[in-house]
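*Asks:* With the numbering used here applied, the sequence shown covers 61 to 343.
The beta carbon of each residue, even a glycine, is placed where N, CA and C say it ideally should be.
What follows is a single structure, and I will ask about it in a moment.
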Amino acid sequence: MINKLALYLKLMRVDKPIGYYLLFWPVGWAFLIATSGNPNIYYLIIFIFGVIATRSAGCIINDYFDQNIDKRVSRTKNRVLANQSITNEEAIILFLFLVIFCFILLLMLGLEILLFAIFSFALLILYPLAKRYFKLPQLILGLAFGSSIPMVYILETGKIDINCLLIYLTTILWAIVYDTYYAMADKQDDIRLGVKSSAIFFGDNDIKYSLYLHFCVVLLFTIIGLINNFQIIFYIFLLISLLNIIYQNTLAKKRIPYQCIAAFENNNIFGLIITFGLIFNYL
Numbered sequence: 061m062i063n064k065l066a067l068y069l070k071l072m073r074v075d076k077p078i079g080y081y082l083l084f085w086p087v088g089w090a091f092l093i094a095t096s097g098n099p100n101i102y103y104l105i106i107f108i109f110g111v112i113a114t115r116s117a118g119c120i121i122n123d124y125f126d127q128n129i130d131k132r133v134s135r136t137k138n139r140v141l142a143n144q145s146i147t148n149e150e151a152i153i154l155f156l157f158l159v160i161f162c163f164i165l166l167l168m169l170g171l172e173i174l175l176f177a178i179f180s181f182a183l184l185i186l187y188p189l190a191k192r193y194f195k196l197p198q199l200i201l202g203l204a205f206g207s208s209i210p211m212v213y214i215l216e217t218g219k220i221d222i223n224c225l226l227i228y229l230t231t232i233l234w235a236i237v238y239d240t241y242y243a244m245a246d247k248q249d250d251i252r253l254g255v256k257s258s259a260i261f262f263g264d265n266d267i268k269y270s271l272y273l274h275f276c277v278v279l280l281f282t283i284i285g286l287i288n289n290f291q292i293i294f295y296i297f298l299l300i301s302l303l304n305i306i307y308q309n310t311l312a313k314k315r316i317p318y319q320c321i322a323a324f325e326n327n328n329i330f331g332l333i334i335t336f337g338l339i340f341n342y343l
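Quick look at the structure:
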């Protein structure tokens, strides 16, 4: 029983929490900006549980659809569905349990965000399939990872404004950046297997375009800061984030798989820097 539970947690990627962090940071940004630094703690706690559940569900459905691909890629061949440590039936039951849990959380927040929740769920299913047919599946990932932002704004402000749209766009571009680094680690395998990714779509310019898009993320945060009359401390943190961006790009420059993964994981630091910038801005 304990061994089976460990396999379920592994399927949910609990042992690799980076995905939870990358999904949470934009939620945190939205809460801080929408409320000028005074988020509703009840909503925030529910969203934290929602982040955990949706990311876990996303990992399960991704591995379910990708299991025949994963077993042919050296980095992913030992995933629990690929190596058949867990059956498809068990994976689907666990996925449905997490979806039901998310629906319960939704009921606790109110049905006014129902349409956004349905949109988010659809993207959750679509992303792993998009890698087969869409040349830039990271765009779908970005839409999915940012889909909670309008929910935050509806709950906290009752409307979707320019800040909401800018944070959403920022999140989309950021997701393309960090998942391009992630995809670079599997680029040769993906080409061989016919899997689509931004790393393949950008070709030899993958490093350069990742850097440019990350600069665009900082530019969008600068615009958000100017619109909302942020204090100088926020822009200091933005300058610090530029150093982190350059470091990430340098890590991935030689396209060595483990360094590309390190660049991907380092985006947690970028998200943390921006979050601290917002917190200090509102002190």
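(1) Between which residues of its own chain and ASP239 is the CB-CB distance below 6 Å, once the five residues before and five after are set aside?
(2) Could you tell me if MET168 is buried or exposed, where buried requires 16 or more neighbouring beta carbons within 10 angstroms of its beta carbon?
(3) Measure from the alpha carbon of PHE107 to the alpha carbon of each residue in LEU229, ASP266, LEU279, GLU216, then state which is nearest.
(4) Please give me, in chain order, every unbroken run of the alpha helix (DSSP H) with length at least 4 that falls completely inside the region 262 to 302.
(5) Assuming GLY218 is part of the alpha helix (DSSP H), what are its boundary residues?
(6) For ASN265, tell me which candidate among TYR103, ASN309, PHE109 has the shortest Cα-Cα distance.
(7) Just to check my reading of the structure: THR335 and TRP89 have Cβ atoms closer than 8 Å, yes? What is that Cβ distance to the nearest angstrom?
(8) Count the other CB atoms, across all protein chains shown, that sit within 10 Å of the CB of SER96; report buried if there are 16 or more and exposed otherwise.
(9) In angstroms with no decimal places, state the Cα-to-Cα distance between ASN122 and GLU150.
(10) By DSSP, does PHE194 sit in helix, in strand, or in coil?
(11) I want to check one thing, is the minimum distance from the CB of TYR68 to the heavy atoms of the ligand FAD below 7 Å?
(12) Are there 16 or more other CB atoms within 10 angstroms of the CB of LEU82, so buried, or fewer, so exposed?
(13) According to DSSP, simplified to helix, strand and coil, what is VAL255?
(14) Figure out for me which residue from CYS162, ASN138, LYS131, GLN291 has the closest Cα to the Cα of ARG115.
(15) Please check the pair LEU302 and VAL278, which I expect to be a contact at CB under 8 Å, by giving their CB distance rounded to whole angstroms.
(16) For the region 69 to 152, list the alpha helix (DSSP H) runs that are entirely contained and at least 4 residues long, ordered along the chain.
(17) What does the Cβ neighbour count give for LYS379, buried or exposed, with the cut at 16 atoms within 10 Å?
(18) For ASP130, which residues of its own chain have a beta-carbon under 6 Å away from its beta-carbon, when the five flanking residues on both sides are left out?
(19) Mapping DSSP to helix, strand and coil, what is ILE316?
(20) Given this structure, state the Cα-to-Cα distance separating CYS276 from ILE236, to the nearest angstrom.
(21) Please report the straight-line C-alpha distance between THR230 and SER134, rounded to a whole angstrom.
(22) Since LEU338 is in the alpha helix (DSSP H), which residue starts that stretch and which ends it?
(23) Using a Cβ cut-off of 8 Å (strictly closer), state whether ILE333 contacts chain D.
(24) Output the distance between the C-alpha atoms of ASP295 and LYS314, rounded to the nearest integer angstrom.
(25) Assuming the contact rule is C-beta atoms closer than 8 Å, VAL111 and VAL87 should be a hit. Round their C-beta distance to whole Å, please.
(26) In chain order, what residues of the same chain lie with their CB nearer than 6 Å to the CB of MET211, ignoring the 5 residues before and after it?
*Replies:* Reading from the atomic positions:
(1) In the sequence shown, counting from the first residue as 1, residue 239 sits at position 179. Closer than 6 Å at the Cβ level, and outside the excluded window around ASP239, lie GLN198, LEU201.
(2) The count along the sequence shown starts at 1 and reaches residue 168 at position 108. Exposed, because fewer than 16 other Cβ atoms sit within 10 Å of the Cβ of MET168.
(3) Here the question's residue 107 lines up with position 47 in the sequence shown. Comparing Cα-Cα distances from PHE107 to each of LEU229, ASP266, LEU279, GLU216, the minimum goes to GLU216.
(4) 266 to 287
(5) Residue numbering aside, residue 218 sits at position 158 when the sequence shown is read from its first letter. Per DSSP, GLY218 belongs to no alpha helix (DSSP H) and is neither H nor E.
(6) Stepping through the sequence shown from its first residue, residue 265 is reached at position 205. Closest option to ASN265, Cα to Cα, is ASN309.
(7) Walking along the sequence shown from the start, residue 335 turns up at place 275. Walking along the sequence shown from the start, residue 89 turns up at place 29. That belief holds up - the Cβ atoms of THR335 and TRP89 are roughly 7 Å apart, short of 8 Å.
(8) Taking the first residue of the sequence shown as position 1, residue 96 is located at position 36. So SER96 ends up on the exposed side.
(9) Sequence index remark: in the sequence shown, residue 122 carries index 62 (1-based). Sequence index remark: in the sequence shown, residue 150 carries index 90 (1-based). Each residue's alpha carbon lies about 15 Å from the other.
(10) Counting from 1 along the sequence shown, the entry for residue 194 is found at position 134. Note: PHE194 maps to coil in three-state DSSP.
(11) What this structure holds is no ligand at all, so the ligand FAD is not there to describe.
(12) The count along the sequence shown starts at 1 and reaches residue 82 at position 22. Buried.
(13) Residue 255 sits at position 195 when you count from the first residue of the sequence shown. The answer is coil: DSSP assigns VAL255 none of H, G, I, E or B.
(14) Locating residue 115 in the sequence shown gives position 55, counting from the first residue. Closest by alpha carbon: CYS162.
(15) The residue labelled residue 302 in the question sits at position 242 within the sequence shown. The residue labelled residue 278 in the question sits at position 218 within the sequence shown. LEU302 to VAL278, Cβ: 6 Å. Contact.
(16) 78 to 94, 101 to 130
(17) The displayed coordinates of the chain run from 61 to 343. Any statement about residue 379 would go beyond what the structure contains.
(18) Against the sequence shown, residue 130 aligns to sequence position 70. Counting only Cβ-Cβ distances below 6 Å, and skipping sequence neighbours, we find THR136, ARG139, ALA142.
(19) Within the sequence shown, numbered from 1, the residue matching residue 316 stands at position 256. In this structure, ILE316 counts as coil in the three-state DSSP scheme.
(20) Within the sequence shown, the letter at position 216 stands for residue 276. Within the sequence shown, the letter at position 176 stands for residue 236. Cα-Cα distance, rounded: 12 Å.
(21) What you label residue 230 is simply residue 170 of the sequence shown in a count that begins at 1. What you label residue 134 is simply residue 74 of the sequence shown in a count that begins at 1. Going from the Cα of THR230 to the Cα of SER134 covers about 33 Å.
(22) Translated into the one-based positions of the sequence shown, residue 338 becomes position 278. LEU338 -> alpha helix (DSSP H) spans 327 to 342.
(23) No chain D is present in this structure, which holds just one protein chain.
(24) As a working note, residue 295 is residue 235 in the sequence shown. As a working note, residue 314 is residue 254 in the sequence shown. Checking the sequence, you will find Tyr at residue 295 rather than Asp. Cα-Cα distance, rounded: 31 Å.
(25) Here residue 111 refers to the residue found at position 51 when the sequence shown is read from its first residue. Here residue 87 refers to the residue found at position 27 when the sequence shown is read from its first residue. Right, the Cβ-Cβ distance comes to about 6 Å (below 8 Å), so this counts as a contact.
(26) The sequence position of residue 211 within the sequence shown is 151, counting from 1. These residues qualify, in order along the chain: ILE173, PHE176.
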